[in-house]
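Visitor:
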Amino acid sequence: MYSEDEMHPPEWISEDFFKQILDKAESESVKIINMQLSPGTVKNDNYASVLFRAKLKYVLCAQPAQEKCRSFIMKTGPIVDGIRKDKMSELPLFETEVKMYTKVLPKIEAELRAIGDETVLSPKLFHYSLEWPQCIVLEDLVLEGYTTINNRPCNLDEIKVALQKLAKLHAISFKMAKMGNDDVTTLDNHFMNTLDLETFPLLRDGVKLTKEIISDVPDLQEYLPHIQEAERFLLPKVLELVNSYKNGRHSGVQVLNHGDFHVKNVMVKNVNNQLKDLILIDYQLSIFGSPAIDLHYAFTLFYSPDMRREKMDELLYHYITHFQETLRRAKYQGHIPTITELRAELQEFRHWGLYMNLTLLILNYAFVDDSIELSKMVESETDRRAYFANSKILNELRVLLPRFLYFGYFEE
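When we follow our numbering, the leftmost residue of the sequence shown carries the number 18, and every step to the right adds one.
Take a look at the structure:
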């Protein structure tokens, strides 16, 4: 099931629009023979933006006998009036992503190429507009054999490749920032420090909903006083993290975070049932700050329940070693953060991890459940309440809440 936005594309998404893009891509004039426009995602793949797929058959005007084909993914803002359109319009999503595609990611990939690393961190950008109508047009990775991950958690190999690419993004941006690159350090908008949380119940009331759910579960009630105490300071601590760099915290480890590092923001390429590549997508929430932003995010919204329970230390070590090795290969001359220092970032900003789990863990389950609609899970407390009572989530809370208690997540 697609959203109304995706089923009724605006009139400006036309053959003339794509002709201009093709003219530039081909460096000469083209004639479009046929255009097929369809939704660019499957169910539950995206909330912040609307995606369309444009498949085009065309010829070069200078070679009319030779037919060519291209496919693009176009990203626009929500069109239909409602919570989705209202809340996403508060965020500088397109400004951030355009800056990432045009200024930041090319520099990071150039640094990687200089050390013989051919890692690709994003799809190719063909067009963007920051004026109305805002849009971004990217290559269609499906034609290259990539697919999104649907109706299942990532497997261990996929998570490790994703963390490896994240580590390279973090490491090179760490080096760039130390060398004074403002393109990296001035990215400072995230949903937590930009949205009016008072008008977004998912983020405003997530902790309250968790308390209400577990208050009816006898063996979890012992954690209620701890959550109630943490609730007093949790949101200010979270804002302290996402605003840390622009508020003058230049100590510790500071990197460019993907900002929305979850299972729906990667695409994978498999050949003969073997993972050949994984690529990160959707850089609309990228923010400079502690790597704890992405690492706690991954724990909550990327890892499967089994990985959260059994693989946390292994996966963190995998990320850290690739972070360190990238800096060594890039001949970074400063201090390379240690395992202890990177773990300290996670502990210092543990309240972000606690907030994520108490508020957004439900989405980790929703992402891989085809029986629900992501938009309803985001916008409807009734739907969240009904789904939160799912025994699988409660069973995981029986593992997570003691861990948070033992690790000091409830302490100010």
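Beta carbons are placed, not taken as given, at the ideal position from N, Cα and C, and that holds for glycine.
Treat the numbers as computed from the prediction; the structure is a model and nothing was measured.
Consult DSSP for tyrosine 75 and reduce its assignment to one of helix, strand or coil.
Guide: strand
Visitor: Could you tell me whether the stretch 279-299 touches the stretch 98-105, using the rule of 3 or more Cβ pairs below 8 Å?
Guide: Flag = no, the stretch 279-299 and the stretch 98-105 do not touch.
Visitor: Helix, strand or coil: how does DSSP classify arginine 87 here?
Guide: strand
Visitor: Go through the stretch 87-175 residue by residue and report every complete run of the beta strand (DSSP E) that reaches 3 residues or more, in order.
Guide: You should have 142-146, 152-156 and 163-165.
Visitor: With a CB to CB cut of under 6 Å and the five nearest residues on each side skipped, what residues in its chain are close to lysine 72?
Guide: Gln53 and Ser88
Visitor: Answer with buried or exposed for serine 307, where buried requires no fewer than 16 other C-beta atoms within 10 angstroms of its C-beta.
Guide: buried
Visitor: Could I get the ranges of all uninterrupted alpha helix (DSSP H) runs contained in the stretch 372-413, with 4 residues as the minimum, in chain order?
Guide: Counting whole runs of 4 or more residues, the stretch 372-413 contains the alpha helix (DSSP H) stretches 391-396 and 398-405.
Visitor: Name the one or two DSSP bridge partners that arginine 70 has.
Guide: Ser55 and Ile90, per the DSSP bridge assignment.
Visitor: Can you tell me whether DSSP reads phenylalanine 427 as helix, strand or coil?
Guide: coil
Visitor: Please report the straight-line C-alpha distance between methionine 18 and leucine 226, rounded to a whole angstrom.
Guide: Its pLDDT being 49, under 50, methionine 18 is placed unreliably by the model, and the measurement read from it follows with that caveat. Each residue's Cα considered, the two are about 28 Å apart.
Visitor: What does DSSP give as the partner residues of methionine 284 in its beta bridges?
Guide: Thr165 and Ile296
Visitor: Measuring CB to CB, does methionine 324 end up less than 9 Å from threonine 165?
Guide: no
Visitor: Please state the DSSP three-state secondary structure of asparagine 210.
Guide: Of the three classes helix, strand and coil, the one that applies to asparagine 210 here is helix, per DSSP.
Visitor: Span of the beta strand (DSSP E) holding valine 259?
Guide: First-last for valine 259: 251-259, but that is the alpha helix (DSSP H), not the beta strand (DSSP E).
Visitor: Go ahead and pull the three-state DSSP assignment for glycine 265.
Guide: Glycine 265 falls in the coil class under three-state DSSP.
Visitor: When you compare the CB positions of valine 395 and leucine 380, do they come within less than 9 Å of one another, or not?
Guide: yes
Visitor: May I ask which residues mark the beginning and end of the alpha helix (DSSP H) holding valine 224?
Guide: 223-231
Visitor: On a CA-only basis, which of Glu161, Ser408, Leu344 and Ile30 is nearest alanine 188? Give me that one, please.
Guide: Leu344
Visitor: Whose C-alpha, out of Phe111, Glu246, Ser232 and Leu160, is nearest the C-alpha of glutamate 429?
Guide: When only C-alpha atoms are compared, the closest one is Glu246.
Visitor: Given this structure, state the Cα-to-Cα distance separating phenylalanine 427 from asparagine 290, to the nearest angstrom.
Guide: 43 Å
Visitor: Which whole-angstrom value describes the C-beta separation of asparagine 198 and asparagine 260, a residue pair presumed to lie in contact below a C-beta threshold of 8 Å?
Guide: About 20 Å separates the two Cβ atoms, so there is no contact after all.
Visitor: How about leucine 138 and valine 154: are their beta carbons less than 9 Å apart?
Guide: no
Visitor: For isoleucine 50 and tyrosine 75, which I take to be in contact (beta-carbon distance under 8 Å), what is that distance rounded to the nearest angstrom?
Guide: 6 Å
Visitor: For my contact list, lysine 185 and threonine 136 are in at a C-beta cut-off of 8 Å; report their separation, rounded to the angstrom.
Guide: 6 Å
Visitor: Return helix, strand or coil for phenylalanine 421, following the three-state DSSP convention.
Guide: helix
Visitor: Tell me, please, which residues DSSP counts as bridged to lysine 48.
Guide: Val76
Visitor: Evaluate the contact criterion for the stretch 229-238 versus the stretch 269-289: three or more CB pairs, one atom per stretch, below 8 Å.
Guide: no
Visitor: How is the alpha helix (DSSP H) around leucine 363 delimited, first residue to last?
Guide: 356-365
Visitor: For isoleucine 337, report the span of its beta strand (DSSP E) as first-last.
Guide: Counting along the chain, isoleucine 337 falls outside any beta strand (DSSP E), though it belongs to the alpha helix (DSSP H) covering 329-346.
Visitor: Taking all protein chains shown into account, do 16 or more other C-beta atoms lie within 10 angstroms of the C-beta of aspartate 213, making it buried, or fewer, making it exposed?
Guide: exposed
Visitor: Compute the Euclidean distance between the alpha carbons of isoleucine 356 and glycine 133, then round it to the nearest angstrom.
Guide: If I take the Cα positions, the gap works out to 25 Å.
Visitor: What residue does the alpha helix (DSSP H) around isoleucine 244 start on, and which one ends it?
Guide: It spans 241-248 - the alpha helix (DSSP H) in which isoleucine 244 sits, taken as one unbroken run.
Visitor: Return the CA-CA distance between proline 419 and aspartate 40, expressed in angstroms with no decimal places.
Guide: In a straight line, the C-alpha of proline 419 is about 59 Å away from that of aspartate 40.
Visitor: Pull the bridge partners of glutamine 291 from the DSSP assignment, please.
Guide: Per DSSP, Val288.
Visitor: How close, in whole Å, do the beta carbons of proline 123 and tryptophan 29 come, if the pair is a contact with beta carbons under 8 Å?
Guide: Incorrect: roughly 28 Å between the Cβ atoms, too far for contact.
Visitor: What residue range does the alpha helix (DSSP H) around isoleucine 310 cover?
Guide: Run containing isoleucine 310: 309-318, per the alpha helix (DSSP H) assignment.
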